[in-house]
Amino acid sequence: MRICLVSAEAAPFAKVGGLGDFTTALAQTLSQSGHDVRLFFPFYSGIDRRSHDFGPVDSLQDLEIQMGERLYRFSGMYTWLSGSSLQVYLIDCPELYHRPGIYTEDADEAVRFGFLCRAALDSCQRMEWSPEIVHCNDWHTALLPVYLRTHYAWDELLADVKTVLTLHNVGYQGVFGAEVLSALDLGDRLSYFDDEDLRADRVNFLKTGILHADRLTTVSPTHAEEIQTPEYGMGLDSLLRARSDRLTGILNGVDYGEWNPATDPLIPFNYSAEDLTGKERNKRALLQDLSLPYDPQAPVLGVVSRLVPQKGIQLLAAGVPGLLDPLDLRLVVLGTGEPRFEALFRLLHQQYPRKVSFYNGYSDELAHRIEAGSDLFLMPSLYEPCGLNQMYSLQYGTVPVVRATGGLADSVQPWDPKAGTGTGFLFEEYSEEALLEALHRALNTFRDQPAWHQLMLNGMGQDFSWTKQVKEYEALYRLMLKVDEARSLSED
Ligand code: ADP
Ligand code: GLC
Numbered sequence: 003m004r005i006c007l008v009s010a011e012a013a014p015f016a017k018v019g020g021l022g023d024f025t026t027a028l029a030q031t032l033s034q035s036g037h038d039v040r041l042f043f044p045f046y047s048g049i050d051r052r053s054h055d056f057g058p059v060d061s062l063q064d065l066e067i068q069m070g071e072r073l074y075r076f077s078g079m080y081t082w083l084s085g086s087s088l089q090v091y092l093i094d095c096p097e098l099y100h101r102p103g104i105y106t107e108d109a110d111e112a113v114r115f116g117f118l119c120r121a122a123l124d125s126c127q128r129m130e131w132s133p134e135i136v137h138c139n140d141w142h143t144a145l146l147p148v149y150l151r152t153h154y155a156w157d158e159l160l161a162d163v164k165t166v167l168t169l170h171n172v173g174y175q176g177v178f179g180a181e182v183l184s185a186l187d188l189g190d191r192l193s194y195f196d197d198e199d200l201r202a203d204r205v206n207f208l209k210t211g212i213l214h215a216d217r218l219t220t221v222s223p224t225h226a227e228e229i230q231t232p233e234y235g236m237g238l239d240s241l242l243r244a245r246s247d248r249l250t251g252i253l254n255g256v257d258y259g260e261w262n263p264a265t266d267p268l269i270p271f272n273y274s275a276e277d278l279t280g281k282e283r284n285k286r287a288l289l290q291d292l293s294l295p296y297d298p299q300a301p302v303l304g305v306v307s308r309l310v311p312q313k314g315i316q317l318l319a320a321g322v323p324g325l326l327d328p329l330d331l332r333l334v335v336l337g338t339g340e341p342r343f344e345a346l347f348r349l350l351h352q353q354y355p356r357k358v359s360f361y362n363g364y365s366d367e368l369a370h371r372i373e374a375g376s377d378l379f380l381m382p383s384l385y386e387p388c389g390l391n392q393m394y395s396l397q398y399g400t401v402p403v404v405r406a407t408g409g410l411a412d413s414v415q416p417w418d419p420k421a422g423t424g425t426g427f428l429f430e431e432y433s434e435e436a437l438l439e440a441l442h443r444a445l446n447t448f449r450d451q452p453a454w455h456q457l458m459l460n461g462m463g464q465d466f467s468w469t470k471q472v473k474e475y476e477a478l479y480r481l482m483l484k485v486d487e488a489r490s491l492s493e494d
């Protein structure tokens, strides 16, 4: 199949969270399965020009796209992912993508990503490449189905394209004042947008994508159910219920090429289920680096997260301090996000300098070292479409303590001490008490070393590889193309 993926993030080039991991891993795995895959994302100024060999795509040089009153110039660059035959395409438009971050609060934020949709489609045209599937992700690329049906409707090359929109996070919808429509060149296409939004003088990118994409997916089966309820739908639940026959939940996979303790170059000591001695040594090294005292009896609790309400940071902040006084444990936090949460962890570190470490920044290396050096990994999320770190944790023999929501519920099985089955500790209710109850269960089990060992091995034996998960995307794409083929045969 010819599959075009368009995304705001693609690891390792441009990543804020799991969207970056998802995009590259899906593209790479589809490509390894023999499909013709092209991945498009912006050439942000933050991408290190020396990190890869970037070359110009001959047919994509000095192109222009008129959007409203403005004429934007861009060129297409390409590079390969190391160790893969997948070619990725970067949309080089300095005017829009040379900014301090991937996402901004600048006045042209809507245009930055509306433009990405158009540049990807223009690039397909210029390369005379006719994708069968265009796979969009989150609000940033959710207008693509509308552009396809309007500005590109004339082009036979794109006439049979089917669109998929994956909802990684319905908490971010791309809502802008309706005045952006003319800058997006969609001012005369109002029928594609929700009436109620237009009456309120706004447009909602994600909602528009949900209305017009041929198929919708989200990143776990449980979350596909959740977003159809008012509690989790963030105002989109009724629309998602109306389109539920088009909505599938597919759990994300893990790139075990990157996240494997036996081969991980970012951790000091490699280890595997057969020989776990390296894990304890990673714990000691991690604590040493963070200036925390090492004690094999004192469990290390790891957190690697965007520090936003979604991740249950309030719960952590409310619950964990009560544990720090009576218990000898270590809390190691890596993250950036809302200043109030950053301040909170900074304060916790000041209060418990020998128990709490907070690295306020983004560090791939430290993320790997925390996965390898922690005993438990905390993800008390308010909502979690999939979540990747709990799956990385399982692979590293680091036991996840998670709220039973979305992909966390789908990837962590409750530890059953009698049967010796299960991979982690779950709690249902979003409350401090429920988190603490789960943490106490986990900490009690930690003291029972044979049980803990079994629990670690259970987790390390799980397989969430993309090669498995990608089959569900292939099946979905095939279904879309087959339905189309069947329709055209019956029309003939
Ligand atoms: P989300 O996409 O909602 O942030 P996921 O669990 O799907 O949550 O993915 C988060 C990804 O981002 C993981 O690969 C995680 O290791 C990484 N990550 C998050 N914060 C940081 C950070 N401060 N430093 C390094 N990696 C981070
Ligand atoms: C989103 C979600 C996260 C998911 C990731 C990749 O950022 O918050 O749960 O794992 O996308 O799909």
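Per the numbering used here, the sequence shown starts with residue 3, numbered consecutively.
Backbone N, C-alpha and C fix where the C-beta goes; we use that ideal spot for every residue, glycine too.
Pick from F15, Y105, S307 that is closest to S84, judged by C-alpha positions: F15
Residue-level contact to chain C via CB, G22, 8 Å cutoff: Of the protein chains in this structure there is only one, and it is not chain C.
First and last residue of the uninterrupted alpha helix (DSSP H) at P232: 232-235
Helix, strand or coil, according to DSSP, for K357 in the structure here? coil
Cα-Cα separation between R201 and Q175, rounded to whole angstroms: 18 Å
With DSSP as the reference, identify every bridge partner of E66, one or two as the case may be. R75
Can F56 and I93 be called in contact, C-beta distance under 8 Å? no
Helix, strand or coil at N575 according to DSSP, with G and I counted as helix: Residue numbering for the chain in the displayed model covers 3 to 494; residue 575 lies beyond these limits and cannot be assessed.
What are the start and end residues of each continuous beta strand (DSSP E) run of 3 or more residues lying completely inside the stretch 247-306, in chain order? 249-251
Length of the line joining the Cα atoms of F76 and L21: 24 Å
Which whole-angstrom value describes the C-beta separation of I67 and D124, a residue pair presumed to lie in contact below a C-beta threshold of 8 Å? 6 Å
Work out the CA separation of P301 and M129 for me, nearest whole Å. 55 Å
Touch test, the stretch 449-456 against the stretch 334-351, Cβ-Cβ under 8 Å, three pairs minimum: no
Leaving aside the five residues before and after L150 along the sequence, list all residues of the same chain whose C-beta is less than 8 Å from its C-beta, in chain order. L123, V136, L160, V163, T165
Range covered by the alpha helix (DSSP H) that runs through T447: 434-449
Determine whether the beta carbon atoms of V148 and L118 lie at a separation below 8 Å. no
In terms of residue numbering, what span does the alpha helix (DSSP H) encompassing N391 cover? 391-397
Cα-Cα, which of K473, D157, N254, E435 is closest to S33? K473
Length at least 3, wholly inside the stretch 141-215: the beta strand (DSSP E) runs in chain order: 164-169, 177-179, 204-206
Backbone secondary structure at G36 - three-state DSSP: coil
Just the Cα atoms here: how many angstroms apart are F427 and R51? 43 Å
Collapsed DSSP secondary structure at M129 in the structure displayed: coil
Span of the alpha helix (DSSP H) around R243: 239-244
Beta-carbon separation of S413 and Q392 under 8 Å? yes
Which residues mark the beginning and the end of the beta strand (DSSP E) in which D94 is found? 89-94
What residue range is occupied by the uninterrupted beta strand (DSSP E) comprising L7? 4-8
Taking the alpha-carbon positions, what's the A320 to L268 distance? 32 Å
On the DSSP bridge assignment, give the partners of E58 in chain order. Before going on, a small fix: residue 58 reads as Pro here, not Glu. Answer is M79, bridged to P58.
Exposed or buried, D23, counting other C-beta atoms within 10 Å across all chains shown (16 or more means buried)? buried
Between E474 and the ligand GLC, is there a pair consisting of the residue's CB and a ligand heavy atom that are separated by less than 7 Å? no
Do the stretch 438-448 and the stretch 228-243 meet, that is, are 3 or more Cβ pairs less than 8 Å apart? no
Rounding to the nearest angstrom, what Cα-Cα distance links A12 and V401 in this structure? 28 Å
Grouping DSSP H, G and I as helix and E and B as strand, with all else coil, what is H137? strand
Straight-line gap, D64 to L145 (C-alpha atoms, nearest Å): 24 Å
Which residue from L73, V18, E71, G36 puts its Cα closest to that of I49? V18
Near the ligand ADP: Y364 beta-carbon under 7 Å from a heavy atom: yes
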